[in-house]
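A.B. asks: Quick one: this structure, given as structure tokens, is what I'll be asking you about.
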Amino acid sequence: MSSDEQDRPRKTLTIKKTARDAHAEAAPKRVRTGARARLVAQNERTKDNLERQKDPEGYQRRQQESARGPGKSPAPGKRGPAGREQDARGSASRADGRRGDSPRRDAAPGSRSGRAPQRAPRLDDQYIAPATPAGRFYDPFEDDGPAPEYLAEPEDAHAAELAGEREPIVEIRGRRPRETRQAEVFPIFAPCPQGLEEALTAEMQALGFEDAQVGRAGCSFTADWSGVQRANLYSRLATRILVQVAHAEISHEDDILDLARDTPWERWFGAEQTLRVDTSAIKSPVQSLQYCNLRAKDGICDRLRELEGERPSIDTVRPDARVHLFLTGHTATLYLDTSGESLFKRGWRLDKGEAPLRENLAAGMLALAGWDPSAPLLDPFCGSGTILIEGAWIALGVPPGISRPFGFERLRGHDAYRWRDLKDDARSRILPQLDAPLVGYDLDPQAIEFARNNAERAWLTADSIRFEVGDARHITAPADHGWIVTNPPYGERMGTEQDPDLWRDWAACLKRNFAGWQLHAITSDMTLPNQMRLKPKRRVPLHNGSLDCRLFGFELVAAGYRDA
């Protein structure tokens with residue numbers, strides 16, 4: 001800057017007040033309301049609280065001097081002589097609806113007009129949202145009314161609280177419990193070997209499915225998804241647990257395509273999983289089950305390709321998802337298989353003898369025989385030990401599906417944590433040991449070795465079941481009463497050389513050593529009771545695979561029998 005510019009006089013800019021500005025100064029100041037007013041009030045209270053904690057005596061002196069000032073009204077945003085803020089939005093009872101316009105009418109320090117003195121919250125107080133109409137959550141930044149009021153306390157409560165002699169008062173607001181969502185219920189069909197329908201229905205009712213009803217080669221009931229998992233885990237007699245997902249009348253094979261395409265398969269599996277479709281029919285007029293199976297598979301794949309851009313691959317050995325199409329008359333039903341492999345595959349039987357008995361049929365024989373799990377059990381033709389191992393698991397309370405995988409574990413939305421908790425609860429109920437002896441005999445040493453290996457894989461100790469090489473015609477009873485449940489040799493197991501005295505000699509041993517026991521034997525030879533010279537008390541039709549069999553029941557009594 002040059003020297004002549006420094007000597008030049010400076011000009012000052014002056015803004016003159018207009019009549020509008022004078023009118024604005026004379027008018028009462030606008031009072032803020034709503035969320036911002038509450039936020040400002042909260043900051044003011046925090047400041048006062050800090051001053052009171054740092055210098056309690058000086059703070060009290062300043063409040064008293066402010067209260068003694070004649071004709072002075074509290075500043076906006078502050079409460080009366082106690083230093084509290086007035087209402088953020090004003091009282092509804094004031095005629096002009098504004099805050100701080102009426103003179104103070106307090107008679108003593110620390111009081112407010114017509115209202116008991118209240119304390120400001122301390123910084124270490126826990127903030128609890130006050131209750132709102134209809135139990136709605138209180139939002140401090142929502143402009144729905146005046147700022148919340150705190151509970152009134154006596155004047156000496158501040159001093160006691162500062163001295164640490166009293167806990168701060170915190171208002172606890174109750175919370176309304178959340179409404180439980182109703183679980184979706186599905187119609188279920190559980191197939192089983194023919195002859196076990198009533199026993200399976202009783203089993204499902206015992207598991208808590210009270211609406212279980214006997215059906216053709218199975219039973220039907222309703223359950224939610226948790227019930228589907230429990231049925232898979234605990235059922236000893238069912239072959240599968242099928243969830244019905246679609247049902248309709250059909251007049252042509254192409255109707256199956258439309259039914260499959262309209263079913264929401266994307267709920268359970270998608271294009272990233274493999275698929276298998278099986279079809280069975282009873283009295284259906286369709287010409288080709290294979291073509292119906294193809295129509296169902298095409299409908300499923302077409303829907304997933306439209307929704308997800310890709311169709312699932314087909315795997316007939318170990319698929320991720322299984323679908324069953326069942327045709328009867330002029331109706332078609334689609335089922336989602338939640339079991340995967342058949343439920344009779346418990347996971348422990350790897351060594352098999354000739355013509356092995358399926359595990360669910362063995363468990364069904366024990367159920368039909370009325371075996372008491374606390375009573376002895378004997379199998380003189382034990383083979384690979386299926387009946388005795390099933391009996392041991394029943395007596396110990398071991399769920400049949402505890403050590404095997406299931407199909408629902410590979411479906412979408414599977415809750416692995418809930419499934420783990422369900423299995424942990426089942427394991428906690430398993431008993432440590434058996435109360436009665438379980439004994440098995442067989443003439444074949446290799447069969448006894450298979451039985452011991454299977455029992456070991458079933459987590460049974462060596463003393464749980466006693467397997468021995470022995471002849472059924474020369475065995476002794478391990479107790480004075482019990483059950484004999486067996487699958488004696490017949491069909492393929494009998495071979496070409498059959499001992500004509502086998503059944504007569506075995507019957508003589510039973511009459512001599514097993515009086516008071518009950519005998520239940522399954523066979524396809526309908527002449528077995530005549531060969532043993534015993535009269536059956538009961539005969540139940542059963543199917544062992546494709547063989548039409550009978551479960552004969554006898555009561556072995558000491559008197560009334562004659563040695564053959």
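No gaps in the numbering here: position 367 of the sequence shown is 367 in UniProt numbering, and each next residue is one more. Where a beta carbon is used, it is the ideal one built from N, C-alpha and C, also for glycine. The structure presented is a predicted model; accordingly, all values stated were derived computationally and were not measured.
1. For isoleucine 250, tell me which candidate among Ser284, Ala223, Ala238 and Gly227 has the shortest Cα-Cα distance.
2. So is proline 376 buried or exposed if we call it buried at 16+ other beta carbons inside 10 Å?
3. Can you confirm whether the segment 504-524 touches the segment 547-559 when touching is taken to mean that 3 or more C-beta pairs between the two stretches lie within less than 8 Å?
4. Since arginine 341 and leucine 366 should fall inside the 8 Å C-beta cutoff, what is the C-beta to C-beta distance between them, to a whole number of angstroms?
5. Closer than 7 Å: is that where the CB of glutamate 468 sits relative to any heavy atom of the ligand PLP?
6. What residue does the beta strand (DSSP E) around phenylalanine 467 start on, and which one ends it?
7. What's the C-alpha gap between glycine 397 and leucine 431?
8. Report the residue ranges of all alpha helix (DSSP H) runs contained in full by the segment 234-288; include only those spanning at least 4 residues, in chain order.
9. Could you check where the beta strand (DSSP E) with glutamine 433 kicks off and where it finishes?
10. Between which two residues does the alpha helix (DSSP H) holding leucine 388 run?
11. State whether the segment 223-235 contacts the segment 182-194, with contact taken as three or more CB pairs (one from each stretch) at a distance under 8 Å.
12. Between which two residues does the alpha helix (DSSP H) holding tyrosine 417 run?
13. For a test of the three-state rule: what should DSSP assign to glycine 553, helix, strand or coil?
14. Take proline 529 as the anchor and find which of Leu551, Arg62 and Ala202 has the nearest alpha-carbon.
15. May I ask which residues mark the beginning and end of the beta strand (DSSP E) holding serine 220?
16. Taking the alpha-carbon of alanine 458 as reference, which of Leu350, Arg261 and Leu200 has the nearest alpha-carbon?
17. To the nearest angstrom, how far is the alpha carbon of leucine 242 from that of serine 339?
18. Just mark arginine 420 as buried or exposed, buried being the case when its beta carbon has 16 or more other beta carbons within 10 Å.
19. Rounded to whole angstroms, what's the CA-CA distance from asparagine 544 to arginine 240? Just pull it up for me.
20. From the DSSP output, which residues share a beta bridge with arginine 322?
21. Report buried or exposed for proline 117, applying the criterion of at least 16 other Cβ atoms within 10 angstroms of its Cβ.
22. Would you decide whether glutamine 229 is buried or exposed? Buried here means 16 or more other CB atoms lie within 10 Å of its CB.
23. So does the segment 319-339 actually touch the segment 434-454, counting three or more Cβ pairs closer than 8 Å?
24. Can you check DSSP and say which residues form a bridge with valine 540?
25. Going along the chain, which residues of its own chain have a beta-carbon closer than 6 Å to the beta-carbon of phenylalanine 326, five neighbours each way excluded?
26. Considering only C-alpha positions, which residue in the set Ile314, Pro541, Ala479 and Ala362 is nearest to valine 277?
27. Taking the beta carbon of serine 464 as the centre, do at least 16 other beta carbons fall within 10 Å, making it buried, or is it exposed?
28. Could you give the C-beta distance for glycine 383 and asparagine 487, rounded to a whole number, given that I count them as a contact under 8 Å?
29. Starting from tryptophan 503 and walking both ways along the alpha helix (DSSP H), at which residues does that stretch end?
30. Return the first residue and the last residue of the alpha helix (DSSP H) that threonine 201 is part of.
31. From the DSSP output, read off the bridge partner residues of aspartate 461.
C.D. replies: Taking the definition as stated:
1. Here residue 250 corresponds to residue number 250 of the sequence shown, with the count starting at 1. For the residues Ser284, Ala223, Ala238 and Gly227, the minimum Cα distance to isoleucine 250 belongs to Ser284.
2. Taking the sequence shown and counting its residues from 1, one reaches residue 376 at position 376. Buried.
3. yes
4. Position 341 of the sequence shown, counting from 1, holds the residue named residue 341. Position 366 of the sequence shown, counting from 1, holds the residue named residue 366. Before going further, note that residue 341 is glutamate rather than arginine in the sequence given. Glutamate 341 to leucine 366, Cβ: 22 Å. No contact.
5. For the structure depicted, the ligand PLP is absent and the ligand set is empty, with no information on it obtainable.
6. Taking the first residue of the sequence shown as position 1, residue 467 is located at position 467. Note, phenylalanine 467: beta strand (DSSP E), 466-469.
7. Walking along the sequence shown from the start, residue 397 turns up at place 397. Walking along the sequence shown from the start, residue 431 turns up at place 431. Cα to Cα, glycine 397 sits roughly 6 Å from leucine 431.
8. 254-261
9. Counted from its first residue, the sequence shown places residue 433 at position 433. Note, glutamine 433: premise wrong, no beta strand (DSSP E); not H, not E.
10. Locating residue 388 in the sequence shown gives position 388, where the first residue counts as 1. Per DSSP, leucine 388 belongs to the alpha helix (DSSP H) from 386-396.
11. yes
12. Walking along the sequence shown from the start, residue 417 turns up at place 417. Taken as a continuous stretch (DSSP letters only), the alpha helix (DSSP H) holding tyrosine 417 covers 416-428.
13. The residue labelled residue 553 in the question sits at position 553 within the sequence shown. Here glycine 553 sits in strand by DSSP.
14. Within the sequence shown, numbered from 1, the residue matching residue 529 stands at position 529. Comparing Cα-Cα distances from proline 529 to each of Leu551, Arg62 and Ala202, the minimum goes to Leu551.
15. Taking the sequence shown and counting its residues from 1, the one referred to as residue 220 is at position 220. Per DSSP, serine 220 belongs to the beta strand (DSSP E) from 218-223.
16. Numbered from its first residue, the sequence shown carries residue 458 at position 458. Among Leu350, Arg261 and Leu200, the Cα nearest to that of alanine 458 is on Leu350.
17. Here the question's residue 242 lines up with position 242 in the sequence shown. Here the question's residue 339 lines up with position 339 in the sequence shown. Their backbone Cα atoms lie some 8 Å apart in a straight line.
18. In the sequence shown, residue 420 corresponds to position 420, counting from 1. The residue in question, arginine 420, is exposed, as its Cβ has fewer than 16 Cβ neighbours within 10 Å.
19. To locate residue 544, count along the sequence shown from 1; it is residue 544. To locate residue 240, count along the sequence shown from 1; it is residue 240. For asparagine 544 and arginine 240, the distance between alpha carbons rounds to 17 Å.
20. By 1-based counting over the sequence shown, the position of residue 322 is 322. Looking at the DSSP assignment, arginine 322 forms a beta bridge with Arg276 and Asp337.
21. Residue mapping note: residue 117 aligns to position 117 of the sequence shown, counting from 1. The predicted model places proline 117 with a pLDDT of 48, which falls under 50 and marks its position as unreliable, so this point remains unresolved.
22. Indexing the sequence shown from 1 puts residue 229 at position 229. Result: buried.
23. no
24. Residue mapping note: residue 540 aligns to position 540 of the sequence shown, counting from 1. Valine 540 pairs with Leu551.
25. One-based indexing of the sequence shown puts residue 326 at position 326. Excluding positions up to five away in sequence, the list reads Ser280 and Thr333.
26. Within the sequence shown, residue 277 is the residue found at index 277, counting from 1. When only C-alpha atoms are compared, the closest one is Ile314.
27. Translated into the one-based positions of the sequence shown, residue 464 becomes position 464. It counts as buried.
28. One-based indexing of the sequence shown puts residue 383 at position 383. One-based indexing of the sequence shown puts residue 487 at position 487. Contact holds; Cβ gap of about 7 Å.
29. Working through the sequence shown from its first residue, we reach residue 503 at position 503. Note, tryptophan 503: alpha helix (DSSP H), 502-513.
30. Counting from one through the sequence shown, the residue named residue 201 turns up at place 201. Looking at the DSSP string, the run of the alpha helix (DSSP H) that includes threonine 201 is 197-206.
31. Taking the first residue of the sequence shown as 1, we reach residue 461 at position 461. Rather than aspartate, the amino acid found at residue 461 in this sequence is threonine. Partner(s): none; threonine 461 has no beta bridge.
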